[in-house]
Amino acid sequence: MTDRRVVLITGSTDGIGRAAARALAAAGAKVILHGRTKPKVDAALAKLAEELPGAELEGVSFDLASQTAVRKGAEQILARVPELHVLVNNAGIFADERTLTEDGIELTFAVNHVGPFLLTQLLVPRLEASATRVPSRVINVSSIAHTRGRLHLEDLSLAAGWTGYAAYAQSKLANVMHAAELAARHDPSKLLAYSLHPGVIGTKLLRQGFGPVQGSSPEVGARTIVRLAGGETADEPSGSYFSEGTVTQPAVAARDAAARAALWDASLRLAKL
Ligand SMILES: NC(=O)c1ccc[n+]([C@@H]2O[C@H](COP(=O)([O-])OP(=O)(O)OC[C@H]3O[C@@H](n4cnc5c(N)ncnc54)[C@H](OP(=O)(O)O)[C@@H]3O)[C@@H](O)[C@H]2O)c1
Numbered sequence: 000m001t002d003r004r005v006v007l008i009t010g011s012t013d014g015i016g017r018a019a020a021r022a023l024a025a026a027g028a029k030v031i032l033h034g035r036t037k038p039k040v041d042a043a044l045a046k047l048a049e050e051l052p053g054a055e056l057e058g059v060s061f062d063l064a065s066q067t068a069v070r071k072g073a074e075q076i077l078a079r080v081p082e083l084h085v086l087v088n089n090a091g092i093f094a095d096e097r098t099l100t101e102d103g104i105e106l107t108f109a110v111n112h113v114g115p116f117l118l119t120q121l122l123v124p125r126l127e128a129s130a131t132r133v134p135s136r137v138i139n140v141s142s143i144a145h146t147r148g149r150l151h152l153e154d155l156s157l158a159a160g161w162t163g164y165a166a167y168a169q170s171k172l173a174n175v176m177h178a179a180e181l182a183a184r185h186d187p188s189k190l191l192a193y194s195l196h197p198g199v200i201g202t203k204l205l206r207q208g209f210g211p212v213q214g215s216s217p218e219v220g221a222r223t224i225v226r227l228a229g230g231e232t233a234d235e236p237s238g239s240y241f242s243e244g245t246v247t248q249p250a251v252a253a254r255d256a257a258a259r260a261a262l263w264d265a266s267l268r269l270a271k272l
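Counting from 0, one number per residue, gives the positions in the sequence shown under numbering that gives the first Met the number 0.
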């Protein structure tokens, strides 16, 4: 990276996000670590500062399940960093039961899609204003599970039939659609948007969702994020979906422009924008 890019990575206290934060900080980016709780963010900051003396690091904590918390968190970020070049929407969960957030949204959909959608909307003006030399970018960490997802536009909280996998796959489909729609709505000389499947990576989420599966290291899972965050120009068209580093056609549902627009409108309503 030839410039000091400012990168915010959600869910960078653990797993893929933490590995991406380390790699980007080592490459010279200023990294804003984000996590759900302050103690975990402080611990992750202290560890990274020890591993990478001289790295420019900041921390911010807020729960993506709470829209009030997301709004406050975005305010803090905007007050603390005058420039923001990359937002990596990485934080995610695989829930083991159906619960509703304080905003009345099913937890998986709230944490994996609505919270990140709201955060992105609040930060996009700053991202665009920071795109002086190279376009800024939003990178959504989705999953190959999105190909099994079905978007229940009339019942996004899955009241009529919830399983952990259906909720996860729907939210990961929303991540791909969100990036594609962002790409369609923004000038690519100012803002690029991508989504990706990081591979099967041995993390807390993998264990929670899929049991004792062997996965690759978080460093391997972070590779596409690091490449897209540090890129100069748009080597691949904005809106592209990457599977383990390779541009791949996403699921048919994600290529449906009318469905993407409907999800956008539903997300605006759910996020009270
Ligand atoms: N692992 C895989 O094989 C795999 C495959 C495909 C896609 N992905 C995607 O990769 C992304 C990262 O997952 P991972 O595997 O690295 O999982 P992970 O190790 O469990 O890390 C998830 C991160 O998100 C944070 N987070 C969870 N809920 C949050 C909330 N409500 N508010 C704020 N932060 C929250 C976690 O914080 P805490 O530590 O405090 O919980 C943690 O920092 C996810 O979007 C996931 O869907 C993973």
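Heads up, the beta-carbon is just placed ideally off N, CA and C, and yes, glycines get one too.
Given 6 Å as the limit, tell me if residue i has its C-beta closer than that to any heavy atom belonging to ligand 1.
i	result
P197	yes
V140	yes
K71	no
T67	no
T202	yes
G148	no
K46	no
D13	yes
R35	yes
Identify every residue that forms a DSSP beta bridge with residue i.
i	result
A192	V137
I8	L32, V87
I200	S215
E57	I31
F241	L195, V246
Pick out whichever of the options has its Cα sitting closest to the Cα of residue i.
i	options	result
A117	E96, G72, V30	Per the sequence shown, residue 117 should be read as Leu rather than Ala. For L117, the nearest C-alpha among the options comes from G72.
Y164	L181, A182, A158, H145	H145
R268	L86, R132, E153, L126	E153
L56	A43, L195, V212	A43
G214	N111, T202, Y240	T202
H196	V5, P249, A64, Q66	P249
S156	Q207, F108, I15	F108
Q192	A182, A28, I92	According to the sequence provided, residue 192 is Ala. The question's Gln does not apply to it. Here the closest residue by C-alpha is A182.
H185	T12, A25, P236	P236
G10	S142, K46, P134, N89	N89
So, at 6 Å on beta carbons, what are the nonlocal neighbours of residue i in its own chain, with the 5 sequence-adjacent residues on each side left out?
i	result
E218	A18
L7	I31, L86
N111	G91, S170
So, at 8 Å on beta carbons, what are the nonlocal neighbours of residue i in its own chain, with the 5 sequence-adjacent residues on each side left out?
i	result
A258	L150, L152, M176, A252
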